[in-house]
Amino acid sequence: MQRDFVLRIIAKLLIPYILLFALYVQFHGDFGPGGGFQAGVIFAAGIILYALVNGFEQAVRLVSPRILPPIAAFGVLLYGGVGVVSMLRGGAFLDYNLLAHDPVHGQHYGILLIELGVGITVASIMLTIFYAFMERNR
Amino acid sequence: MSLGTAIAQNLPALQVVLPLLAAPVCLLLGRGRAAWAWATLVAWLGLLISLALLLQVSDGSVLRYAFGGWAAPWGIEYVVDRLAAMVLLIVSLIGALVLSYARHSVDAEIDADRQPLFYTLLLLCLAGLLGIVITGDAFNLFVLLEVSSLSTYALISLGRNRRALTAAYQYLVMGTIGATFYIIGVGLLYMVTGTLNMADLAQRLPELAHLRTVKTAFAFISVGLALKLAMFPLHLWLPNAYTYAPSVVSAFLAATATKVALYAMIRMFYTVFGAPFSFGTMHVEWLILPLAAAAIFIASVVAVFQHDIKRMLAYSSVAQIGYMLLGLGMVNLTGLTASLLHLFNHALMKGALFLALGAVVYRIGSTNIERMGGIAREMPWTMAAFVVGGLSLIGVPLTVGFVSKWYLLLGAMENGWWPLVILILATSLIAVVYVWRVVEAAYFRARPAGSAPVSEAPLTLLVPIWLLALANVYLGIHTRPLIGLAGSAAADLLGVGP
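Line by line, the protein sequences give chains A and C.
Take the first sequence: its letter number 41 is residue 65 in the working numbering, and every next letter is one higher.
Take the second sequence: its letter number 67 is residue 292 in the working numbering, and every next letter is one higher.
Written out as structure tokens, the structure is:
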């Protein structure tokens with residue numbers, strides 16, 4: 025592992041861009057192709073690449089498997105929370121029109137927030153699955 | 226906008242959203258009592274919501290709720306009519322009672338660090354099942370079917386016996402095939418109609434009924450749902466799944482999961498495709514009737530020869546599903562009423578029986594009939610509840626089991642199907658045999674040599690068991706409300722007025 029200079033350096037160069045691209049896919053999802061699921065997968069792929077190159081111990085130091093389930097739960101709650109807020113504002117569940125002073129902004133915030141929830145949950149679940157397999161093979 | 230009106234306006238959404246969003250909270254609450262207490266609270270709130278919904282639609286009105294403010298048929302729509310309200314009530318009732326019961330049983334059967342996950346999964350499963358019942362969108366039904374199925378596979382695999390893993394895997398394969406068949410059918414319908422909303426589909430399908438695509442869709446959907454509801458001979462996943470799942474999960478699934486799949490089938494046959502197509506053109510009753518009759522007879526006989534009482538009840542479930550399908554296959558008002566009644570009543574009796582077995586597992590760690598010898602002397606209340614549930618299963622008068630079998634007999638006689646009348650009566654006698662085997666072992670045999678003395682199950686287990694057992698008797702004596710509800714729901718489906 026220590027001798028694979030090319031692999032390590034290329035990975036080191038690529039990982040920040042993979043994570044950045046994930047965020048681009050995430051937040052550009054309401055205007056172009058993309059969205060929470062794809063972004064979550066790409067983000068998790070960046071960290072999985074880090075784990076493959078640097079090994080399980082290093083990856084655990086970066087992202088501990090113990091914090092992943094609460095993060096996944098938070099993503100779902102963020103999604104649902106948008107729906108709850110719209111209900112409290114007198115609309116139906118997930119009626120984004122009521123999230124802001126005018127419907128256009130409301131729709132914008134709404135889709136942004138629920139896609140963020142999707143992205144967070146997908147990324148943490150992907151990592152959980154990856155860790156589950158990695159732990160078995162140690 | 227006050228909280229009260231917000232809740233009142235969004236009751237149909239809350240029925241599903243509440244357990245769905247409460248599930249991840251369970252995960253955040255972590256180990257200890259908090260996750261259980263929270264899940265139980267949510268389940269009881271769900272029961273209140275379904276009661277409120279039932280009251281709103283009991284006059285025959287239909288409640289429609291458009292998600293996200295997108296009107297149907299473009300958006301996802303939730304629809305509550307009397308049939309949906311009735312099934313919502315039984316599912317959330319079983320959910321509330323099973324979760325109240327769960328604390329001690331889960332403590333004994335599931336590792337402490339997995340318990341938050343367990344309650345998360347149970348709430349997700351509850352949310353999925355309630356969603357299948359309430360949704361008015363054929364694709365949304367598939368999504369919620371997957372929500373409930375995936376959590377079910379994980380729940381079954383948490384059983385203590387290692388064979389739970391194979392049982393869960395077997396169910397995963399069969400269940401996924403079922404769900405895939407369903408979605409292929411829905412895809413074909415979408416191809417010809419361009420809509421997924423059930424009411425919209427129902428409007429467009431009659432003029433397209435001659436198309437082979439529609440007939441293929443009907444076949445795929447029927448077989449897919451038949452797999453999920455364990456119609457004989459597609460029931461092979463069921464006995465192992467119920468036997469090796471944790472006690473709480475067995476009780477919950479036996480009382481709800483197959484019933485909800487049956488509900489989905491009734492919805493598809495009557496609401497989406499319509500009775501003239503399903504029974505007039507496709508003659509699905511000629512597929513259902515022989516299979517239902519075979520299920521009732523074969524599964525009942527197989528149940529008699531089981532040594533594990535949980536497995537015995539699982540085979541009995543396959544037979545009871547046969548009764549429900551028999552009612553469906555009669556294609557008359559009485560038969561359909563019987564089917565819906567049995568759907569509700571079977572949940573009550575199997576719930577009571579599986580919960581009583583859970584209490585036995587809690588004390589002696591087994592449901593083997595040999596190990597259960599003489600147990601009634603040490604656990605009199607648990608076994609008495611088992612006997613009440615067993616009597617209801619047989620169909621003894623003054624229990625709910627009698628009511629649904631009576632209507633089933635009336636339906637068969639209405640069609641002049643005397644062999645079926647004989648079959649129903651004969652298989653009830655087989656039920657006597659397999660229930661008696663347990664009674665004989667528990668009451669009249671000595672405790673097996675070398676077994677440690679045990680005490681009665683704790684009150685937290687006994688109260689939910691007895692609530693269900695008493696519901697079997699109470700609703701068996703005060704039969705009017707339930708028969709009225711099932712009868713009017715069946716009349717709605719057949720379109721013959723209230």
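Beta carbons are placed, not taken as given, at the ideal position from N, Cα and C, and that holds for glycine.
- If you ignore the 5 residues before and after Leu692/C, its C-beta comes within less than 8 Å of the C-beta of Leu322, all in its own chain and listed in chain order.
- In terms of beta-carbon proximity, Gly130/A stays away from the interface with chain C, with every pair separated by 8 Å or more.
- In chain order, Pro93, Pro94, Ala96 and Ala97 make up the part of chain A whose C-beta sits under 8 Å from the C-beta of Leu252/C.
- Think of a sphere of 7 Å around the beta carbon of Val242/C: the chain A residues whose beta carbon falls inside it are Gly104, Gly107 and Phe117, in chain order.
- Taken residue by residue, none of the stretch 132 to 152 of chain A has a beta-carbon sitting less than 8 Å from a beta-carbon on chain C.
- Every alpha helix (DSSP H) of 4 residues or more that sits fully in the stretch 568 to 647 of chain C is shown, in chain order, as 600 to 603, 605 to 619 and 625 to 639.
- For Ala291/C, there is no enclosing alpha helix (DSSP H); the enclosing beta strand (DSSP E) covers residues Leu288 to Ala291.
- Minimum Cα-Cα distance from Trp606/C among the listed residues Leu710/C, Leu684/C, Pro431/C and Thr377/C corresponds to Leu684/C.
- Taken through DSSP and simplified to helix, strand or coil, Thr652/C comes out as helix.
- For Phe445/C, no CB of chain A lies under 8 Å from its own CB, so it is not counted at the interface with that chain.
- Here Asn465/C carries a helix assignment [DSSP, helix/strand/coil].
- Not flagged as an interface residue toward chain A: Tyr467/C, since no C-beta distance is shorter than 8 Å.
- Inter-residue distance for Tyr41/A and Phe502/C is about 57 Å (C-alpha atoms, whole angstroms).
- For Pro249/C, the chain A residues whose C-beta falls within less than 7 Å of its own C-beta are Ala97, Val100 and Leu101, listed in chain order.
- Distance from the CA of Leu86/A to the CA of Leu348/C, rounded to the nearest whole angstrom, comes to 32 Å.
- For Val304/C, the enclosing beta strand (DSSP E) covers residues Glu302 to Val305.
- With respect to Ala97/A, Pro244/C sits apart: the two C-beta atoms are not nearer than 8 Å.
- Contact with chain C is absent for Gly59/A, since none of that chain's Cβ atoms lies less than 8 Å from the residue's Cβ.
- Interface annotation, Met111/A: in contact with chain C, CB-CB separation under 8 Å.
- Secondary structure note for Ala480/C: its alpha helix (DSSP H) is the uninterrupted segment Ser472 to Ile491.
- Under DSSP, Asp362/C shares a beta bridge with Asn422/C.
- Within 10 angstroms of the beta-carbon of Ile708/C lie 16 or more other beta-carbons, which makes it buried.
- From the beta-carbon of Ala609/C, no residue of chain A is found nearer than 9 Å; the closest lies around 42 Å away.
- For Asp717/C, the enclosing alpha helix (DSSP H) starts and ends at Arg705 to Leu719.
- Interface with chain A (8 Å Cβ-Cβ cutoff): Leu246/C is included.
- Looking at Val497/C, Ala610/C and Val509/C, the one whose alpha-carbon comes closest to that of Leu686/C is Ala610/C.
- Sequence-distant Cβ neighbours of Gly499/C in its own chain, meaning closer than 8 Å and more than five residues away, are Ala427, Leu430 and Pro431.
- Look at Asp119/A here: in three-state DSSP terms it is coil, with no helix or strand label.
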